[in-house]
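Residue numbers (our numbering): 4 to 141. No residue lacks a Cβ here, since even glycine has one placed at the ideal position from N, Cα and C. Small disclaimer: the values here were computed from a predicted structure and weren't measured. Notes follow once the structure below has been shown.
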């Protein structure tokens, strides 16, 4: 069974907004450090950003998949297609995070890595908006 904050729109929305705003701020920090020619510190910030995605955003996705989505489809079987699409969004986030980790390890902090960080922000924002609309009717 999922926690009560996943089942209440206002609390769930706050989780989404908090996660996204943190990811935006940390992405901007990486970019600012690069502009200041602080390559090593920027690389460390990029590693922290990946950790943030894994511990804050993807752990929330895991919690949704491990109970909340099951509860929602048990109550409303018509939501199964929406839940399948939302799970795919989570998988895209996981794939992009893994790709960023590989790119960082093989090539360092490149423009391609920054593009992927921005892709994470876009996918996450769309996912959160759709999830709230599809599952809570907002």
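What do you get for residue i, buried or exposed, if any count of 16 or more other CB atoms within 10 angstroms of its CB means buried?
i           : result
residue 113 : exposed
residue 4   : Residue confidence for residue 4 is low, a pLDDT of 43 falling below 50, so the modelled location carries little weight; the figure read from the coordinates is stated next. That one is exposed.
residue 14  : exposed
residue 75  : buried
residue 43  : exposed
Taking the alpha-carbon of residue i as reference, which of the options has the nearest alpha-carbon?
i          : options         : result
residue 72 : 33, 88, 59, 48  : 88
residue 96 : 43, 80, 126     : 126
residue 69 : 90, 81, 119, 31 : 90
residue 49 : 104, 124, 140   : 104
Please say whether residue j and residue i have beta carbons closer to each other than 8 Å?
i           : j          : result
residue 135 : residue 12 : yes
residue 52  : residue 33 : yes
At which residues does the alpha helix (DSSP H) containing residue i begin and terminate?
i          : result
residue 38 : 12–38
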